[in-house]
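Engineer: So that we are looking at the same thing, I have put the structure below in structure tokens.
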Amino acid sequence: MTTQSKIALVTGGAGFIGSHLIDRLLAEGARVTCVDNLQTGRAANLAHLGSEPRFSFIEADVIDRLPAKLRLGKTRFTHVYHLACAASPPHYQADPEHTMLTCVLGTRNLLRFAEEQGARFLLTSTSEVYGDPEVHPQPETYRGWVNCTGPRACYDEGKRAAETLTFDFARAKRVDVRVARIFNTYGPRMRADDGRVVSNIVCQALGDEDITVYGDGSQTRSFCYVSDMVDGLMRLMNSEPAPGAPVNLGNPNELTVSDLVDRVLALTGSRSAVVHRPLPIDDPRRRRPDISRARDILGWEPRVDLQAGLEATAAWFAQERRAGSTLGAELLTVAAE
Ligand code: UDP
62 MTTQSKIALV TGGAGFIGSH LIDRLLAEGA RVTCVDNLQT GRAANLAHLG
112 SEPRFSFIEA DVIDRLPAKL RLGKTRFTHV YHLACAASPP HYQADPEHTM
162 LTCVLGTRNL LRFAEEQGAR FLLTSTSEVY GDPEVHPQPE TYRGWVNCTG
212 PRACYDEGKR AAETLTFDFA RAKRVDVRVA RIFNTYGPRM RADDGRVVSN
262 IVCQALGDED ITVYGDGSQT RSFCYVSDMV DGLMRLMNSE PAPGAPVNLG
312 NPNELTVSDL VDRVLALTGS RSAVVHRPLP IDDPRRRRPD ISRARDILGW
362 EPRVDLQAGL EATAAWFAQE RRAGSTLGAE LLTVAAE
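According to the working numbering, the sequence shown is numbered sequentially starting from 62.
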């Protein structure tokens, strides 16, 4: 299939990763429709596409019956990238019932739609399926350690159920599927009030406000720049044959939250002080992807190093501040121990 003949549906396309994915798909010649309920996505992320004839936007919630407008007459979607779901702990915990149903009902709706259209389907799952992992780094074969009744469960268990549904559709030969397990990702177009660590501390540093470190800062994460993530998602969607199993996408470069803060302080020359806040409930102590499978199957690995990625991210947030966008918004918090 040539790129020009690709017709992609991107759910959650007004979000941080989704909007970058749409830019790449359009740049490669595809036609793209975005469905987003604008719960955490922002129309501003797509504003530059206003006059693009190969792009259309539909405001809708994937939990609901999908809009009739998606049936394109004789034309069929060839690819469904299913990204729709709040992904930051404070946002996905704000309405846990909605988060769980987005993962389960939303994914079923999109799988059925992909089946009807004859489209290939990619689910964006998450490293959260590993919970607070006992195995480090995390390979896809690790089955995880998730607290199914905790405040993160609406997302963790929701995504695990979404993976289950996706592979059930694949086993029944109803849909050709791919599943990406996305690890922490950062870059321009994150929301200032996203609530995750990179956006929080970059915004705090730029405003010379106190930097909030949850717990003692010794917990680790591994941060992937958004362009690398989009490249991985597209390679996975285009992979032949289907991997038949989830694929981790993330940057194996692991560091502590305190190390990340030091880097951001040095980068921004900020006068911010560091303040410690209670560690959120079930906060994973460490996380690092084993990306052997992505390397083998997709020939993929991240290219953008943390310094370059943080510089680009800080520059973008600084520009947002000058433009007077949502930066002053109060940062959301999650339940703490
Ligand atoms: N974190 C922090 N300060 C903040 C936001 C988050 O210290 O302002 C910590 C959080 O407790 C976690 C890590 O940074 O240990 C990454 O959190 P984030 O919410 O970005 O993503 P997660 O990987 O937990 O989903």
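Quick reminder that beta carbons are idealized off the backbone N, C-alpha and C, glycines included.
R103 by DSSP, collapsed to three states: which one?
Structural biologist: Sequence index remark: in the sequence shown, residue 103 carries index 42 (1-based). Reduced to three states, the DSSP call for R103 is coil.
Engineer: Does the Cβ of C285 have 16 or more other Cβ atoms within 10 Å, making it buried, or fewer, making it exposed?
Structural biologist: The count along the sequence shown starts at 1 and reaches residue 285 at position 224. When all chains shown are included, C285 counts as buried.
Engineer: Hey, would you say R239 sits closer than 9 Å to F182, going by beta carbons?
Structural biologist: In the sequence shown, the residue the question calls residue 239 occupies position 178. In the sequence shown, the residue the question calls residue 182 occupies position 121. Yes, these two residues count as a Cβ contact at 9 Å.
Engineer: Counting along the chain, where does the alpha helix (DSSP H) carrying Y153 start and finish?
Structural biologist: Looking up residue 153 in the sequence shown gives position 92. Segment 150-155, the alpha helix (DSSP H) holding Y153.
Engineer: Helix, strand or coil for H159 per DSSP?
Structural biologist: By one-based count along the sequence shown, residue 159 stands at place 98. If DSSP states are grouped into helix, strand and coil, H159 belongs with the helices.
Engineer: Please return the same chain residues whose Cβ sits closer than 8 Å to the Cβ of T281, not counting the five positions on each side in sequence.
Structural biologist: Stepping through the sequence shown from its first residue, residue 281 is reached at position 220. Once the five neighbours on either side are set aside, the close Cβ partners of T281 are E315, L316, T317, V318, R346, R347, R348, R349.
Engineer: What are the boundary residues of the beta strand (DSSP E) that E120 is part of?
Structural biologist: Residue 120 sits at position 59 when you count from the first residue of the sequence shown. Looking at the DSSP string, the run of the beta strand (DSSP E) that includes E120 is 116-120.
Engineer: What is the C-beta distance between G167 and A147, in whole angstroms, given that I count them as a contact (C-beta under 8 Å)?
Structural biologist: Position 106 of the sequence shown, counted from the start, is the residue given in the question as residue 167. Position 86 of the sequence shown, counted from the start, is the residue given in the question as residue 147. In fact, because the Cβ distance is near 11 Å, the residues do not count as touching under 8 Å.
Engineer: With 16 other CB atoms within 10 Å as the buried threshold, where does R383 fall?
Structural biologist: Within the sequence shown, numbered from 1, the residue matching residue 383 stands at position 322. Exposed is the call here.
Engineer: With DSSP as the reference, please indicate the residues paired to H140 in a beta bridge.
Structural biologist: For the purposes of this step, residue 140 is taken as the residue at position 79 of the sequence shown. Bridge partners of H140: A69, R181.
Engineer: Less than 8 Å between the CB atoms is what I'm expecting for S186 and A241, so what's the real figure, rounded?
Structural biologist: Position 125 of the sequence shown, counted from the first residue, corresponds to residue 186. Position 180 of the sequence shown, counted from the first residue, corresponds to residue 241. About 6 Å; that satisfies the 8 Å criterion.
Engineer: Can you grab the Cα-Cα spacing for the pair V365 / R232, in whole Å?
Structural biologist: By 1-based counting over the sequence shown, the position of residue 365 is 304. By 1-based counting over the sequence shown, the position of residue 232 is 171. Roughly 36 Å separates the two Cα atoms.
Engineer: Once the 5 residues before and after A266 are set aside, which same chain residues still bring their CB inside 7 Å of it?
Structural biologist: On the sequence shown, position 205 is the one that residue 266 refers to. Cβ neighbours of A266 beyond the five flanking positions: I272, V325, L326, T329, S331, S333.
Engineer: Between G74 and S66, which are expected to be in contact by the criterion C-beta below 8 Å, what is the C-beta distance as a whole number of angstroms?
Structural biologist: Locating residue 74 in the sequence shown gives position 13, where the first residue counts as 1. Locating residue 66 in the sequence shown gives position 5, where the first residue counts as 1. Going by Cβ atoms, the distance from G74 to S66 rounds to 20 Å, so no, they are not a contact pair.
Engineer: To which residues of the same chain is L172 closer than 7 Å at the C-beta, ignoring the five residues directly before and after it?
Structural biologist: Stepping through the sequence shown from its first residue, residue 172 is reached at position 111. Counting only Cβ-Cβ distances below 7 Å, and skipping sequence neighbours, we find F182, L226, T227, F230, V236.
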